[in-house]
Structure formats: structure tokens, C-alpha cells
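Per this note's numbering, the sequence shown starts with residue 671, numbered consecutively.
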Amino acid sequence: MMNNSGPRYKRSQLERHLNTVVLWCVLLLFIMCLTAAIGHGLWLKNLKDPVFKVDTETSPALAGFYVFWTMIIVLQVHTLPFHQKQLHFKNLIKDSC
671 MMNNSGPRYK
681 RSQLERHLNT
691 VVLWCVLLLF
701 IMCLTAAIGH
711 GLWLKNLKDP
721 VFKVDTETSP
731 ALAGFYVFWT
741 MIIVLQVHTL
751 PFHQKQLHFK
761 NLIKDSC
């Protein structure tokens, strides 16, 4: 028991590759949402004569914060059909074996 330093986890090369791909996807999602939020905040700050404005008391920083989380939700929901197609494809492969 003295040599036991905890369980060893063997990860295949495919699992390691998928882990890096998932991390890159999360990073790309964060960068896209941050860009949209900063752009929206700057646009709202420089807007002189708005055609319509829902709330005049919302600061550009708070509006950018709202857009950041809105983009997270929108971009995640946008990718759901692709995940569902992959699950359907996986079930087809499993059933054919």
C-alpha cells in the first residue's frame, strides 16, 4: 500500500485529442462572445441618436455583459442539431454491428 499513489488513468490518444479539441472549442466560443460583447458595448457607447432604445439607464458595460451571456446561449443552442445528428449516426453504427 505504500506504493499506491492513487489510481492511474490510461487515456487513449483519441481521448487526449478530443480533450484538446473541446478545450479549443470552449476557447473559441469565449473569444467570439467576448468580441460580440465588447463590440456591442462600444457601439452602444458611440451611438448618438438611436432609432429606438428600450432602456435609457442601461450602461454600455452592463449591455455588453448581457450580450456576452446571450451569445453563449445562442451559440450553444445553435450547435445542438449537430450533436443530435452525431448521436443518431452513432446509434446507426451500433445497430449495424
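Glycine included, each C-beta is placed from N, C-alpha and C at the ideal position.
What did DSSP end up calling residue i once you bin it into helix, strand or coil?
i	result
TYR679	coil
TRP728	The sequence given here has Thr at residue 728, not Trp. Reduced to three states, the DSSP call for THR728 is coil.
LYS715	helix
What distance in whole Å lies between the Cβ atoms of residue j and residue i, which are believed to be in contact at a cut-off of 8 Å?
i	j	result
LEU704	PHE738	7 Å
LEU699	LEU732	Rounded, the Cβ-Cβ distance is 21 Å, inconsistent with contact.
Find the nearest neighbour of residue i within the set the options, judged by alpha-carbon distance.
i	options	result
HIS710	VAL692, LEU699, PHE700, PHE735	PHE735
LEU712	LEU699, PRO730, CYS695	PRO730
Inspect the beta-carbon positions of residue i and residue j and report whether they are closer than 9 Å.
i	j	result
ASN689	ARG678	no
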